[in-house]
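From first to last, the protein sequence lines stand for chains A and B. Numbers given in this note's numbering equal positions in the first sequence, counted from 1, plus 704. Numbers given in this note's numbering equal positions in the second sequence, counted from 1, plus 959. Built from N, CA and C at the ideal position, the CB exists for glycine as well. On a predicted model such as this, the values are computed, not experimentally measured, just so you know.
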Amino acid sequence: MAYGYAGKILLVDLTAKTTSTIDTAKYAEFGGGVGIGAAIFWDLAVAPGDWDLQDAFDPRNVISLMSGPLAATGVPGGGRTSVCAIAPETFPTPLFHRTSFGGRFATMLKLAGWDGVVVRGKADRPVWINIIDDKVVIEDAKALWGMNTYETQGQISTMVAGRTRFGDEWHQAGDAYTTARPQIVCIGPVGESATRVAALIHGSGVSARTGGFGGVFGSKNLKAISVLGTGSIKVADPKAIVDTRIWHAQNFSRGAAPGTAACMPCVNNDRRRDSFHGGESMCADEYWFMGERMKGAEVAMKWGICTWATKFGGAMEVNMPNAAAPFKGKVPMEPGMGWYIKYLYELGVLGPGKKIDSHPLPMDQWDKLVFREVFCDAIARRIGIGADLAEGILEAAKKWGRLEEDLNSGALRLPAYGASWHHSLPGVDWAYGYIFMSGDPMWHGFFSLSGGGGFGGPATYTAEELVEMMAAKVVPFNGDPLMFSNCWKGEEARKTGVYSEHKAKMVAWARHYAGFYNESMSICEMMLPSFIGRSADGIAGPSPDLEYRYYRAVMGDKKTFADTMETGRKIWNMERAIRVMAGRHRDHEQFAPFMYMPGATFAMGGSKPVYQDGKWSFENQNDLYLDREGVEAFKTHFYKLEGWDPATGWPTRKTLEGLGMKKIADVMASKGKLGS
Amino acid sequence: MAESEKTERKNRKVLRREFLAGGALTAGALACTSVTAAAALASPQQQTSLEPSKGYLVYDSRLCLGCQSCMFACSMTHEGEANPSLSRIQIIRDAPSFTKYPYDIVMSVCRQCVSPLCVQNCPTGACHVDAANGNVRRIDQSKCIGCQRCIESCPQRPHRTIWNHLTGKSTKCDLCVDAPYWSQKGGPSGKQACVETCTAKALKLVAEAPSQQDIDGYDINLAPARRPMPKMAPKPAATGG
Chain A
705 MAYGYAGKIL LVDLTAKTTS TIDTAKYAEF GGGVGIGAAI FWDLAVAPGD
755 WDLQDAFDPR NVISLMSGPL AATGVPGGGR TSVCAIAPET FPTPLFHRTS
805 FGGRFATMLK LAGWDGVVVR GKADRPVWIN IIDDKVVIED AKALWGMNTY
855 ETQGQISTMV AGRTRFGDEW HQAGDAYTTA RPQIVCIGPV GESATRVAAL
905 IHGSGVSART GGFGGVFGSK NLKAISVLGT GSIKVADPKA IVDTRIWHAQ
955 NFSRGAAPGT AACMPCVNND RRRDSFHGGE SMCADEYWFM GERMKGAEVA
1005 MKWGICTWAT KFGGAMEVNM PNAAAPFKGK VPMEPGMGWY IKYLYELGVL
1055 GPGKKIDSHP LPMDQWDKLV FREVFCDAIA RRIGIGADLA EGILEAAKKW
1105 GRLEEDLNSG ALRLPAYGAS WHHSLPGVDW AYGYIFMSGD PMWHGFFSLS
1155 GGGGFGGPAT YTAEELVEMM AAKVVPFNGD PLMFSNCWKG EEARKTGVYS
1205 EHKAKMVAWA RHYAGFYNES MSICEMMLPS FIGRSADGIA GPSPDLEYRY
1255 YRAVMGDKKT FADTMETGRK IWNMERAIRV MAGRHRDHEQ FAPFMYMPGA
1305 TFAMGGSKPV YQDGKWSFEN QNDLYLDREG VEAFKTHFYK LEGWDPATGW
1355 PTRKTLEGLG MKKIADVMAS KGKLGS
Chain B
960 MAESEKTERK NRKVLRREFL AGGALTAGAL ACTSVTAAAA LASPQQQTSL
1010 EPSKGYLVYD SRLCLGCQSC MFACSMTHEG EANPSLSRIQ IIRDAPSFTK
1060 YPYDIVMSVC RQCVSPLCVQ NCPTGACHVD AANGNVRRID QSKCIGCQRC
1110 IESCPQRPHR TIWNHLTGKS TKCDLCVDAP YWSQKGGPSG KQACVETCTA
1160 KALKLVAEAP SQQDIDGYDI NLAPARRPMP KMAPKPAATG G
């Protein structure tokens, strides 16, 4: 097996209660992570042709938890676990979706000798999967069912590694000795009842949030997966990995700065669970659940609810002139379910005995911790309003007859109807990611492409210097600075700006890059890409040279950076093929109405590079909103660039065969889903 | 090799079969056997006056991020592959039982003891004081017979000598004196992979021996200008809280 891989993938069939092995080499052409997860999903769930891919809770749904080849090699941030399957959270129908989580699960999985775990079927009673190196047992989870995620992990840890007091002693695992405890990913009560807002929880504060995959675990009667590994991962060039780490730290280090997710080995995490900084103990994202500082986050983690979908609001607000009266022209940047029910309560349509009965939620204690507990309990047990909320915020709004009105006003501020989201405008490229179902594209690498950073501050470079530096980096689309123009007004927007073929290149490059490096090599996207200079040599950041150096040190193959980007394009087409087979079409790729209205942009300061009248400048774009015809023109450019049929958005045979995916094209053709 | 080391090794050399006949413990007994330092001192092989090491790894367990970069660097530079269980430095996090900061991490770092019981109780001279490399306490793999006496003798919990189940021999921190995959010169006068890759600067090599009496003598404050805890609480949304 090639360097970096453990060499095999665990396939668990919960219906048959069997385990088997998939040879990783069969799928190595898709890199790792989501790439391999999507390819396996195709083979097990799509190619047989006996499932319409419409119900995320169908036992035929195949959920994979995959590492990347950089995990367990010491590459910083390379230990994320990629998760993909048909997701219960997407709207209006479940669709193939991917997410990921940090922590130590992927690393431990690799050390146990597995590149991933793939689960299909449905157990006839609650179970958990116990992996100790090569030994895999499907265990009875009757005693764990109903426990919160902290209790569950504590119980499993004791069962697997004994009662040795933490840190005191080595213990035996198989033939080896280790100080490590098992790494566990599990669901809480919100996942057990197969809701659409459940997360997968790992450790005390790491979760796979978007997509609602906790509900998929629950639908399969799968409480947890535990793994303890004592093995090794071989790499091509051990010296180069350590040397690159030191070079990275000395030249571009973000140091021990807090504020990011934790991917083992994470060089940015923060251990203090109540510090509001990100970290392995509690991801920064969780604070959106609010409620008496970080205690609200702990409630969410224990119940296993998706903090992103159920956000109670945030500190940041956006001016929205047409927002409903109770909010005085302002709404939070990223309101979720928690904020939305308060909004309806303030409007007088939700409350005890109202049109939308809030029972059992104590609305007068909305800001208290007790509300968070009742909120989670009501959803987990589908009590009263909890039954509606368990289906997700958009399904609930639809049932309450409020969907259209609140998407228009922006009170339901989900830009593209899909799974829960994070940020968008004025990052038009970021927003486009949502309509193409790249989930939360997490475009943080491009977020810094602004005058002085997204949160403002003086720029130390000109717009022209910035775009020229960037244009040199984006192989194979290098040499086109107009990719980075955020001009959104007038004819220039269509010619060179946000609706142009140049912008299509930027969106495609970011997707191919992320598909390979972030989602398949599983490098934390809060760390890489990093484009803006932290180097004494100038404004250029270490990307993409740094991640390519890590890749080469681990894998040792002869792929060029352009080759890795081509693999990213292949992964993107694999995902696209699955979505098309599940019904995705150009017509579905639409923004919510508020994105076309003033107030669509979150007013966060900073500025974007704009090319207009033959000159580059930085422009504050707090007033940016989109144009429907412009977006349609952009979609056509994007589909053409990707080799997809502009009329349908479906990949063509030529595109798929050019990527070595003839078998995929044949299946799509047999179902009449191939682009022409 | 220094003359003193040659003499030491000669004096302490015993045949593996002779030692095993004397009652070495099996590997399977390792995990559940508690051997006190006093018992270990009773070994006939003990020596009491050894030259102190010229280098010691000290650490700051409050500063450590728990990222285990040091463990990966250690196994990578010594073994050529990533295996935290073979790392000579162990960073143990208590994620499953959720102990809160700063008690959520144990840093298990070899102390290069001034009176090293691992050396004193090694029956073959494999575990020795390397006079040629700043008196670092090392294990000569060619002499190790896998008796695990060094592991049982280590007074620290968890023990700082490491059992390599793949080779059936013990290893321990050598301050990167013999790290085949390390580009730098190691040892007390050189650089250590764990120190160099520690992003948090939670590890440091010092020349002076820390207190041998104080159990926390090696766990020191390496960050006098520690980050202050943030004062800002999250601002509630406009509509409540």
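Quiz item: What did DSSP end up calling H801(A) once you bin it into helix, strand or coil?
Solution: For this step, residue 801(A) is matched to residue 97 along the first sequence. Strand at H801(A).
Self-check item: Partners in chain D for Y1140(B), counting only beta-carbon separations shorter than 7 Å
Solution: In the structure shown, chain D cannot be found, because the protein chains are A and B.
Quiz item: Is the Cβ-Cβ distance between M1141(A) and F800(A) less than 9 Å?
Solution: What you label residue 1141(A) is simply residue 437 of the first sequence in a count that begins at 1. What you label residue 800(A) is simply residue 96 of the first sequence in a count that begins at 1. Going by C-beta atoms, M1141(A) is nearer than 9 Å to F800(A).
Quiz item: How big is the Cα-Cα spacing for C1191(A) and A1197(A)?
Solution: For the purposes of this step, residue 1191(A) is taken as the residue at position 487 of the first sequence. For the purposes of this step, residue 1197(A) is taken as the residue at position 493 of the first sequence. About 5 Å.
Practice problem: Let me know the beta strand (DSSP E) ranges lying completely inside the region 1206-1275 of chain A, each 3 residues or longer, listed in chain order. | Solution: 1236-1239 and 1242-1244
Exercise. Return helix, strand or coil for E1095(A), following the three-state DSSP convention.
Key: Walking along the first sequence from the start, residue 1095(A) turns up at place 391. DSSP places E1095(A) in coil when its eight states are reduced to three.
Self-check item: Same chain only: Cβ atoms within 8 Å of K1375(A), ignoring 5 sequence neighbours per side
Solution: Within the first sequence, residue 1375(A) is the residue found at index 671, counting from 1. G753 and M1285, listed in sequence order.
Practice problem: Note down, in chain order, every chain B residue with its Cβ under 8 Å from the Cβ of D879(A). | Solution: Here residue 879(A) refers to the residue found at position 175 of the first sequence. Ordered by position in chain B, the residues that pass the 8 Å Cβ test against D879(A) are H1124.
Quiz item: For E1111(B), is the classification buried or exposed, using 16 other Cβ atoms within 10 angstroms of its Cβ as the cut-off for buried?
Solution: Counted from its first residue, the second sequence places residue 1111(B) at position 152. That one is buried.
Quiz item: So, does the CB of Y854(A) fall closer than 9 Å to a CB anywhere in chain B?
Solution: By one-based count along the first sequence, residue 854(A) stands at place 150. Closer than 9 Å to some Cβ of chain B, the Cβ of Y854(A) qualifies, so yes.
Quiz prompt | Residues near P1061(B) by beta carbon distance below 6 Å, same chain, minus five either side | solution = For this step, residue 1061(B) is matched to residue 102 along the second sequence. Hits under 6 Å: R1021.
Quiz item: Given that a residue counts as buried once 16 or more other Cβ atoms are within 10 Å of its Cβ, and exposed if not, what is A720(A)?
Solution: Counted from its first residue, the first sequence places residue 720(A) at position 16. Exposed is the call here.
Exercise. Count the other CB atoms, across all protein chains shown, that sit within 10 Å of the CB of V841(A); report buried if there are 16 or more and exposed otherwise.
Key: Translated into positions along the first sequence, residue 841(A) becomes position 137. Under this definition V841(A) is an exposed residue.
Self-check item: Residues that Y1018(B) bridges to, as DSSP identifies them
Solution: By 1-based counting over the second sequence, the position of residue 1018(B) is 59. Paired residue(s): L1162(B) and D1178(B).
Quiz prompt | Buried versus exposed, by CB contacts within 10 Å (16 or more), S1170(B) | solution = Within the second sequence, numbered from 1, the residue matching residue 1170(B) stands at position 211. With fewer than 16 Cβ atoms within 10 Å of its Cβ, S1170(B) is classed as exposed.
Exercise. Consider the Cβ of Q1049(B): report whether some Cβ of chain A lies at a distance smaller than 9 Å.
Key: Here residue 1049(B) refers to the residue found at position 90 when the second sequence is read from its first residue. At least one chain A Cβ lies under 9 Å of Q1049(B).
Exercise. Would you mind working out which of I790(A), R784(A), R824(A) and N834(A) sits nearest S911(A), comparing C-alpha positions?
Key: Along the first sequence, one-based indexing puts residue 911(A) at 207. When each option's Cα is compared against that of S911(A), the closest is R784(A).
Quiz prompt | Contacts that G778(A) makes with chain B (C-beta to C-beta distance below 9 Å) | solution = One-based indexing of the first sequence puts residue 778(A) at position 74. Here the neighbours are Q1027, S1028, M1030, F1031, A1032, S1034, M1035, A1041 and T1156.
Quiz prompt | N-terminal and C-terminal residue of the alpha helix (DSSP H) that P893(A) is part of | solution = Sequence index remark: in the first sequence, residue 893(A) carries index 189 (1-based). P893 to E896 is the span of the alpha helix (DSSP H), which, as asked, contains P893(A).
Quiz item: Near E1010(B), what residues of its chain come up, given a Cβ to Cβ distance below 7 Å and the 5 sequence neighbours on each side ignored?
Solution: Here the question's residue 1010(B) lines up with position 51 in the second sequence. Result list for E1010(B): V1088, A1090 and N1094, in chain order.
Quiz prompt | P942(A) - DSSP class collapsed to helix/strand/coil | solution = For the purposes of this step, residue 942(A) is taken as residue 238 along the first sequence, with counting starting at 1. Three-state result, P942(A): helix.
Quiz item: Where does P1302(A) land, buried or exposed, given buried means 16+ other C-beta within 10 angstroms?
Solution: Mapped onto the first sequence, residue 1302(A) falls at position 598. P1302(A) should be labelled exposed.
Quiz prompt | Which residues DSSP lists as bridging C1086(B), in chain order | solution = In the second sequence, counting from the first residue as 1, residue 1086(B) sits at position 127. Paired residue(s): I1098(B).
Quiz prompt | Coarse secondary structure for C1033(B), derived from DSSP in three states | solution = Stepping through the second sequence from its first residue, residue 1033(B) is reached at position 74. Three-state result, C1033(B): helix.
Quiz item: Roughly how many whole angstroms lie between the Cα atoms of I905(A) and C890(A)?
Solution: For the purposes of this step, residue 905(A) is taken as the residue at position 201 of the first sequence. For the purposes of this step, residue 890(A) is taken as the residue at position 186 of the first sequence. If you take the alpha carbons of I905(A) and C890(A), they lie about 5 Å apart.
Quiz prompt | CB-CB length for A1337(A) against R1357(A), believed under 8 Å | solution = Within the first sequence, numbered from 1, the residue matching residue 1337(A) stands at position 633. Within the first sequence, numbered from 1, the residue matching residue 1357(A) stands at position 653. Actually they are not in contact, since the Cβ atoms of A1337(A) and R1357(A) sit about 25 Å apart, beyond 8 Å.
Quiz item: Quick one, which of A877(A), E1099(A), L769(A) and I833(A) has its alpha-carbon nearest S856(A)'s?
Solution: The residue you call residue 856(A) lines up with position 152 of the first sequence. The sequence given here has Thr at residue 856(A), not Ser. The candidate whose alpha carbon is nearest that of T856(A) is I833(A).
Self-check item: Limits of the alpha helix (DSSP H) - the one that V1171(A) falls within
Solution: Counted from its first residue, the first sequence places residue 1171(A) at position 467. That run of the alpha helix (DSSP H) goes A1167 to K1177.
Quiz item: Within the 9 Å Cβ cut-off, does L1116(A) reach chain B?
Solution: On the first sequence, residue 1116(A) is found 412 positions in, with the first residue counted as 1. Output row for L1116(A): interface = no.
Quiz prompt | Residues bridged to L769(A) (per DSSP) | solution = The count along the first sequence starts at 1 and reaches residue 769(A) at position 65. Answer is V787(A) and V821(A).
Quiz prompt | Nearest-angstrom beta carbon gap, I950(A) and E1040(B) [assumed within contact, 8 Å] | solution = Within the second sequence, the letter at position 81 stands for residue 1040(B). Within the first sequence, the letter at position 246 stands for residue 950(A). That pair is no contact at about 19 Å.
Quiz item: So, are the CB atoms of Q1151(B) and L1045(B) less than 9 Å apart?
Solution: Looking up residue 1151(B) in the second sequence gives position 192. Looking up residue 1045(B) in the second sequence gives position 86. Not in contact: Q1151(B) and L1045(B) (Cβ atoms no closer than 9 Å).
Self-check item: Simplified DSSP state of W1070(A), which is helix, strand or coil
Solution: To locate residue 1070(A), count along the first sequence from 1; it is residue 366. W1070(A): coil per DSSP, three-state reduction.
Quiz item: Count the other CB atoms within 10 Å of the CB of D1317(A); is the residue buried (16 or more) or exposed (fewer)?
Solution: Taking the first sequence and counting its residues from 1, one reaches residue 1317(A) at position 613. Exposed is the call here.
Quiz item: Residue range of the beta strand (DSSP E) that M1141(A) falls in?
Solution: Locating residue 1141(A) in the first sequence gives position 437, where the first residue counts as 1. From DSSP, M1141(A) is part of no beta strand (DSSP E); its letter is neither H nor E.
Self-check item: Where F734(A) sits in the DSSP three-state scheme
Solution: Working through the first sequence from its first residue, we reach residue 734(A) at position 30. F734(A) falls in the helix class under three-state DSSP.
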